[in-house]
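2 protein chains.
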Amino acid sequence: MEQIRQEAREFMINTYYELGKTEEEALHRIEEVDQEIVDKGFYEQTFEELEYGAKVAWRNSNRCIGRLFWDQLHVIDKRHLKTEEAIFQALVEHIDFATNGGRIRSTISVFPQLKQGEKVRVWNHQLIRYAGYVTEQGVIGDSDSIEFTNKCIELGWEPKYGHFDILPLVIQINDNEPRWFEIPEDVLIEVPIHHPEYDWFSDLNLQWYAVPIISDMSLDVGGITYPAAPFNGWYMGTEIGARNFADEYRYNMLPMIAEYMGLNVKRQSTLWKDRALLELNTAVLHSFKEAGVSIVDHHTAAQQFKKFEEKEATENRDVTGKWTWLIPPVSPATTHIFHKPYSNEIVKPNYFYQGKPFKEG
Amino acid sequence: MEQIRQEAREFMINTYYELGKTEEEALHRIEEVDQEIVDKGFYEQTFEELEYGAKVAWRNSNRCIGRLFWDQLHVIDKRHLKTEEAIFQALVEHIDFATNGGRIRSTISVFPQLKQGEKVRVWNHQLIRYAGYVTEQGVIGDSDSIEFTNKCIELGWEPKYGHFDILPLVIQINDNEPRWFEIPEDVLIEVPIHHPEYDWFSDLNLQWYAVPIISDMSLDVGGITYPAAPFNGWYMGTEIGARNFADEYRYNMLPMIAEYMGLNVKRQSTLWKDRALLELNTAVLHSFKEAGVSIVDHHTAAQQFKKFEEKEATENRDVTGKWTWLIPPVSPATTHIFHKPYSNEIVKPNYFYQGKPFKEG
Ligand code: HEM
Ligand code: HEM
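Here the protein sequences line up with chains A and B, keeping their order.
Take the first sequence: its position 218, counted from the start at 1, is 218 in my numbering, and no numbers get skipped.
Heads up, my numbering is the position in the second sequence plus 361, with the first residue counted as 1.
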């Protein structure tokens, strides 16, 4: 309890200061919150506090290159929801609102805070994600999802054994049996991947969903943990083009693209992997633009991050960052990030990994 | 003195064990060395100790991806040299031996150890390196060399204001005035950079020297510091193609290459930087091969590093490494290195940065 009081106090001081409120207001609020914690063991944040906390948590996300826009996060307050159905509806609304016909809005939906004996979890890693199946012919779909896909099947979801099957939303309240729901198709945008010059690229039948909505991290603000608080921005192209489609343990498309390109894959020094990777990333950026879905290339993202660093400097705030995540996985040395160190100090409010809600096997 | 004794002891135990000698031999040698240190304040290593120490120092070099070949280092013992001329001659011999007509040999030359009042330093960062000049028209040559180039000019070296002027060797013994010497042209190999398909690439008039010979780090073995111990391997292509020629603060060639390629440099999302970078790296690898000069691409280097990790595991030795340096600056996520963590623990023997022998201004 001492820790909640301490973190609440610090959060209120910083937040009220940044919001330009008076010291009196801050002190008054601290007293109020302190009393609430002493009385009940927890406290409730105002919407303003929650909103600012979620934004600052983004600003403090060391692994995120997209932080220039931290102040433009849409915060949707769903802390009052108590049932799986209501939460499911809210998640669908989140998808719809964030997708916005392709003009993606950075958005977070915040569900009830963690309390003694009360816990809401969304089991999905991202709200929209493709299933992965281990079959005798090898993995089908996204191998990153294999374990969760098995869980869904155990819960009664029907596997489809396609490469791009959207997984259901799985919601758990307290220790109840988790419940799963299909996402209605009409809120989903998926982007078929074409290349601006190579027609054959379409034959690869690649597609990816429009909006990455991380749903398994907790939001930690002022001593309060929100274990269900899915948030999204828009994609940086390399996430899809240099990792999801390219990693050997994911869709592993580089060998096939190289083959279509007619590259000599026997000799590494032809740089066939780099060539295939470049065309794949070109195709991803091109396709999202063509489909009218927000996306940012890694050069522009790095420039925006530079602006973020400059803005933070003018506000006299330190920028913390995790270099190994901030550098893009394509041509990293062409960005300024590569050429400077970042301190990976963890500052709160922030988003944190949490234990998986389900166990292996 | 306690520290030298301790480090000597540890080094002897490990080295004699790895060399398959008996415990008796090790203990005998430790006693001998210990006595020498007590008597004189320092000790001399046998050639075998020095050789093994230099090799293990390479094996322990956390930033080096080339460590599979640590056991094949050629160690040249020049600890007896006392004059600048003799050291200069030895450096020229090093260049010649290591270059080997293009079939580069990993080589280190070891000059006198650091003692009270005795210190040999090679001022150059690498034995072969291009000068850099600040002029009214901007920087000419390699901006990485500007400060050292100024020093050379102060010492009487004649600047040539070309893009690829080989700097002189600058050698300092103790507190004497440093002396400079031109490297005879007949020991130098330089590689003109062509592209296998783009003829215009030759019009860029790029070239690079064949052998990177780091000469400003110290070798630290068994409590002894060798402040002059230049070592070389061969290049990994990206060092030249993704850093020396590409970095904005170095030769900054990407905009011009993109222009020759006819790319739209107004929009980052065309990935023009990545395209130019890829062709530049292709050209570097191609040109070195064509010229018969050893070079390794980053994919092959990563595979070799993987083999190194496997070999070390069979020897029950931990591999330490610095991830931020080990990942190549082109398509890093296509190598296994990107996908695992490395411990950056510093183990001795090792190569260390030392303070610059010259001061700014
Ligand atoms: C607006 C567009 C955004 C872009 C382009 C962007 C970009 C990125 C990228 C490229 C990563 C690395 C992902 C990876 O390598 O797996 C990342 C990580 C992250 N971002 Fe952002 N981001 C955006 C919005 C947001 C928002 C709105 C939040 C939270 C409110 C956020 C919080 C985070 C966090 C917590 C991580 C680390 C995720 C993890 O560890 O798996 N980002 N971001
Ligand atoms: C045989 C071929 C070799 C290859 C391909 C190779 C490759 C590399 C590469 C790519 C780097 C990073 C350079 C940079 O980013 O600036 C590096 C760093 C390093 N290598 Fe190797 N290397 C080789 C041989 C050697 C040898 C023979 C030694 C010592 C005996 C050595 C010791 C080091 C050290 C100490 C560093 C760090 C240098 C620094 O911090 O500036 N390497 N190596």
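Even glycine gets a Cβ: it sits at the ideal position worked out from N, Cα and C.
Item, Value
"Suppose the cutoff is 7 Å on Cβ atoms and the five residues either side in sequence are ignored; what does the same chain contact list for B:Asp658 look like?", "Gly598, Leu646"
"Does the beta carbon of B:Leu639 sit closer than 8 Å to a beta carbon anywhere in chain A?", "yes"
"For A:Ala229 and A:Leu277, which I take to be in contact (beta-carbon distance under 8 Å), what is that distance rounded to the nearest angstrom?", "So it is not a contact: roughly 34 Å between Cβ atoms."
"Cβ closer than 7 Å: which chain A residues qualify as neighbours of B:Ala603?", "Ala333"
"In whole angstroms, what separates the C-alpha of B:Glu445 from that of B:Lys701?", "46 Å"
"Quick check on B:Trp541 - is its C-beta less than 8 Å from some C-beta in chain A?", "no"
"Would you kindly report the start and end of the unbroken beta strand (DSSP E) that includes B:Trp541?", "540-542"
"Taking A:Ile108 as part of the beta strand (DSSP E), name the residues at either end of that continuous run.", "107-110"
"Give a yes or no on whether the minimum CB-CB distance between A:Asp165 and chain B is below 8 Å.", "no"
"Under 8 Å, do A:Phe338 and A:Lys151 count as touching if we go by C-beta distance?", "no"
"Any heavy atom of ligand 4 closer than 7 Å to the beta-carbon of B:Val657?", "Of the ligands this structure carries, namely ligand 1 and ligand 2, none is ligand 4."
"Whole angstroms is fine: what's the gap from A:Gly361's alpha carbon to B:Ile374's?", "Annotation note: pLDDT 48 at A:Gly361 (below 50); position unreliable, coordinate value reported separately. Using only the alpha carbons, I get a separation of about 48 Å."
"Please determine whether the Cβ atom of A:Arg250 lies at a distance below 7 Å from any heavy atom of ligand 1.", "no"
"Would you please verify whether the beta carbon of A:Leu204 is less than 8 Å from any beta carbon of chain B?", "no"
"If we count the other Cβ atoms within 10 Å of its Cβ and call it buried at 16 or more, is B:Ser506 buried or exposed?", "buried"
"Here's the rule: buried if 16 or more other CB atoms are within 10 angstroms of the residue's CB, otherwise exposed. What is A:Phe305?", "buried"
"Taking only beta-carbon atoms, is A:Thr300 less than 8 Å away from chain B?", "yes"
"Does DSSP put B:Lys476 in a helix, in a strand, or in coil?", "strand"
"Report buried or exposed for A:Met253, applying the criterion of at least 16 other Cβ atoms within 10 angstroms of its Cβ.", "buried"
"Grab me the residues of A:Asp96's own chain with a C-beta within less than 6 Å of its C-beta, minus the 5 sequence neighbours each way, in chain order.", "Val187"
"Who are the neighbours of B:Lys634 on chain A, taking C-beta pairs under 7 Å?", "His299, Ser331, Thr334"
"Looking at the C-beta of A:Leu68, does it have a partner C-beta in chain B at a distance below 8 Å?", "no"
"Just to check, is the beta-carbon of B:Ser704 closer than 7 Å to a non-hydrogen atom of ligand 1?", "no"
"Which same chain residues, not among the five before or five after B:Asp503, have their C-beta less than 6 Å away from its C-beta?", "Tyr491, Gly493"
"Near B:Ala415, what residues of its chain come up, given a Cβ to Cβ distance below 8 Å and the 5 sequence neighbours on each side ignored?", "Leu434, Val436, Ile469, Val471, Leu580, Val582, Ala590, Phe592, Pro710"
"Per the contact definition of three or more C-beta pairs closer than 8 Å, is the segment 315-330 of chain A in contact with the segment 20-30 of chain A?", "no"
"According to DSSP, is A:Tyr52 helix, strand or coil?", "helix"
"My guess is that B:Asp577 and B:Gln715 are in contact by the Cβ rule of under 8 Å, so how many angstroms apart are they, rounded?", "7 Å"
"Quick one: residues in its chain with C-beta nearer than 8 Å to the C-beta of B:Trp313, no 5 flanking neighbours on either side, listed in chain order?", "Past the boundaries of the shown model lies residue 313 of chain B; chain B is included only from 362 to 722, so the question cannot be answered."
"Given A:Ser287, which residues of its chain have a CB within under 6 Å of its CB, disregarding the five upstream and five downstream residues?", "Val191, Ile193, His194"
"Could you check if B:Lys808 is buried or exposed, using at least 16 other CB atoms within 10 Å of its CB as the buried criterion?", "Past the edges of chain B, shown from 362 to 722, lies residue 808 of chain B, and the structure says nothing about it."
"In angstroms, rounded to a whole number, what distance separates the CA positions of B:Lys717 and B:Pro616?", "33 Å"
"Residues in the same chain with beta-carbon distance under 6 Å from B:Gly682, minus the five sequence neighbours each way, listed in chain order, please.", "Asn423, Tyr703"
"Comparing C-alpha positions only, which one of B:Ile534, B:Pro539, B:Glu538, B:Val495 sits nearest to B:Lys521?", "B:Val495"
"Output, in sequence order along the chain, the residues in the segment 590-615 of chain B whose CB is closer than 9 Å to any CB in chain A.", "Gly598, Thr599, Ala603, Arg604, Ala607, Asp608, Glu609, Tyr610, Leu615"
"Below 9 Å on C-beta distance, what does A:Ser343 contact in chain B?", "The premise fails here: A:Ser343 is roughly 14 Å from chain B at the closest Cβ pair, so nothing lies under 9 Å."
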